[in-house]
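Comments concern the structure below.
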Amino acid sequence: MKSKLVLLTILFVLSLSLANAQNKTVNGTVTNKNGEPLPGVTVLVKSTTIGTSTDIDGQYSLSVPEQSVLVFSFIGYTPVEIAIENQSTINATLNEDVFSLDEVVAIGYGTQRKSDLTGSVTSIGTESFNEGMISSPEQLI
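In terms of my numbering, the numbers along the sequence shown are unbroken and rise by one, the last being 145.
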């Protein structure tokens with residue numbers, strides 16, 4: 005009975021070390037195309053909830069499963085996916101997600117593309133504003 009307990013304990017310790025060996029620590033720096041570090045970039049293991057964000061110097065460190073794919077995303081930048089493979093240092097460069105400002109219209113509760121709008125849209129310039137004592141924005145028109 006005692007030998008079974010010792011054997012079971014040894015198997016348990018081995019299984020813990022094997023489970024731990026499947027994870028590796030990956031670190032690196034995230035920059036923009038000019039080489040400037042990007043703080044606050046989200047770094048996630050694809051299809052999981054494992055993740056972190058970069059510090060003020062654009063650096064991150066994350067314990068991830070072997071053969072994972074990291075997804076780097078940040079508002080205003082195109083997301084980048086990089087396979088870990090045998091690397092322990094993965095640096096990423098994010099490119100700005102540029103779109104034509106002529107195709108975007110700011111509305112009271114968000115933005116929409118010009119092509120998606122239905123109805124009429126009007127622009128009002130400063131020359132249309134009333135002059136004099138104004139106590140609310142509606143009185144400008």
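Think of the CB as a built atom: it goes at the ideal place given N, C-alpha and C, for glycine as much as any other residue.
These numbers were taken from a predicted model, which means no experiment stands behind them.
Reduced DSSP secondary structure (H/G/I, E/B, other) of residue i
{"i": "residue 86", "result": "strand"}
{"i": "residue 102", "result": "coil"}
{"i": "residue 32", "result": "strand"}
{"i": "residue 56", "result": "strand"}
{"i": "residue 27", "result": "strand"}
For residue i: DSSP bridge partner residues
{"i": "residue 76", "result": "47 and 84"}
{"i": "residue 66", "result": "30"}
Where residue i falls, given that 16 or more other Cβ within 10 Å makes a residue buried
{"i": "residue 92", "result": "exposed"}
{"i": "residue 51", "result": "exposed"}
{"i": "residue 65", "result": "exposed"}
Distance, residue j Cα to residue i Cα
{"i": "residue 101", "j": "residue 140", "result": "37 Å"}
{"i": "residue 44", "j": "residue 53", "result": "17 Å"}
{"i": "residue 74", "j": "residue 87", "result": "6 Å"}
{"i": "residue 78", "j": "residue 56", "result": "12 Å"}
{"i": "residue 61", "j": "residue 89", "result": "25 Å"}
{"i": "residue 25", "j": "residue 63", "result": "Residue placement at residue 25 cannot be trusted, given a pLDDT of 49 that sits under 50; the coordinates are not used to answer."}
{"i": "residue 82", "j": "residue 99", "result": "6 Å"}
{"i": "residue 72", "j": "residue 49", "result": "7 Å"}
{"i": "residue 41", "j": "residue 70", "result": "26 Å"}
Beta-carbon gap between residue i and residue j smaller than 8 Å
{"i": "residue 27", "j": "residue 68", "result": "yes"}
{"i": "residue 149", "j": "residue 47", "result": "With the chain running from 5 to 145 in the structure shown, residue 149 is simply not present."}
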